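Peer 1: Keeping their order, the protein sequence lines are chains U and E. FYI, the numbering for the first sequence is 1 to 113, going by my numbering. FYI, the numbering for the second sequence is 1001 to 1118, going by my numbering. Shown below is the structure under consideration.
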Amino acid sequence: ELKVEQNPLFLSMQEGKNYTIYCNYSTTSDRLYWYRQDPGKSLESLFVLLSNGAVKQEGRLMASLDTKARLSTLHITAAVHDLSATYFCAVEGGGDSNYQLIWGAGTKLIIKP
Amino acid sequence: NAGVTQTPKFQVLKTGQSMTLQCAQDMNHNSMYWYRQDPGMGLRLIYYSASEGTTDKGEVPNGYNVSRLNKREFSLRLESAAPSQTSVYFCASSLQLVGQGIMNTEAFFGQGTRLTVV
């Protein structure tokens, strides 16, 4: 059974600092997604990582995927208040799970001025 | 671009009442999903439909039924609502073609339905 673990689950940080959110998963998968959710809102797709070594960047966020280590990271550079949100990773399961997305519990990120 | 549309956005039910949550997508996606989101629990899959004409149970199907009415629409029904079903419900869709090769499993979400059962 594929399990997805995010850490930390809660992160409070100051503006201007760098930090990394980790997403570990338990079985082989080549596809991983990062989503953002603002309070009271829906989930918005941030990054699609489709192969080992994939790296995507947008603004102050950069996501990477290491399928051999079964690890993805979401790195925040010089954080700003607007990045405060909950971030979810989701991993595509294999045929046994009918290729469903298995979700991490989410990381609630608060960035203080 | 409408994407995934859910109705209603908010609903209050009394215990034992029934209701149907509606979901429609205009992206010609094959797969559709219903999730519930509870504080601190992340997203939990209730039911999904890999393609038109098929539905399957997810992680937490008890107390719910679904109908894939056509390729665009996927509804979720609560037959006898219970306070434990108080949650935010999200419908999502993806292009995914099960059995014909994976094309794209990226999920696109509706705006959510905030349901309270009293």
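Glycine included, every Cβ here is placed at the ideal spot set by N, Cα and C. Since the model is a prediction, treat every value here as computed from it, not as a measurement.
1) Does the separation of the CB atoms of U/Leu32 and U/Ile21 fall below 9 Å?
2) Tell me whether U/Leu83 sits in a helix, a strand or coil according to DSSP, three-state version.
3) Please name the residue in E/Val1060, E/Asp1026, E/Gly1110 and E/Arg1036 whose C-alpha comes closest to that of E/Thr1116.
4) Of the residues E/Asp1056, E/Arg1072 and E/Lys1071, which one's Cα is nearest the Cα of E/Asn1065?
5) Do the CB positions of U/Gln100 and E/Tyr1047 come within less than 9 Å of each other?
6) In angstroms with no decimal places, state the Cα-to-Cα distance between U/Thr27 and U/Lys3.
7) Is the CB of E/Gln1022 under 9 Å away from at least one CB in chain U?
8) Within 9 Å (strictly less), CB to CB, does U/Ala85 reach chain E?
9) Buried or exposed: which applies to E/Arg1077, given that a residue is buried once 16 or more other Cβ atoms fall within 10 Å of its Cβ?
10) Please report the Cβ distance between E/Ala1082 and E/Gly1110, rounded to the nearest whole angstrom; I am assuming they are in contact, meaning their Cβ atoms lie under 8 Å.
11) Tell me where the beta strand (DSSP E) around U/Lys56 begins and ends.
12) Which chain E residues sit within Cβ distance under 7 Å of U/Glu140?
Peer 2: Per the coordinate set shown:
1) no
2) helix
3) E/Arg1036
4) E/Asp1056
5) no
6) Distance between the alpha carbons of U/Thr27 and U/Lys3: 8 Å.
7) no
8) no
9) With fewer than 16 Cβ atoms within 10 Å of its Cβ, E/Arg1077 is classed as exposed.
10) That belief does not hold up - the Cβ atoms of E/Ala1082 and E/Gly1110 are roughly 23 Å apart, past 8 Å.
11) U/Lys56 -> beta strand (DSSP E) spans Val55 to Glu58.
12) With chain U represented from 1 up to 113, any question about residue 140 of chain U goes unanswered, as that position is not in the structure.
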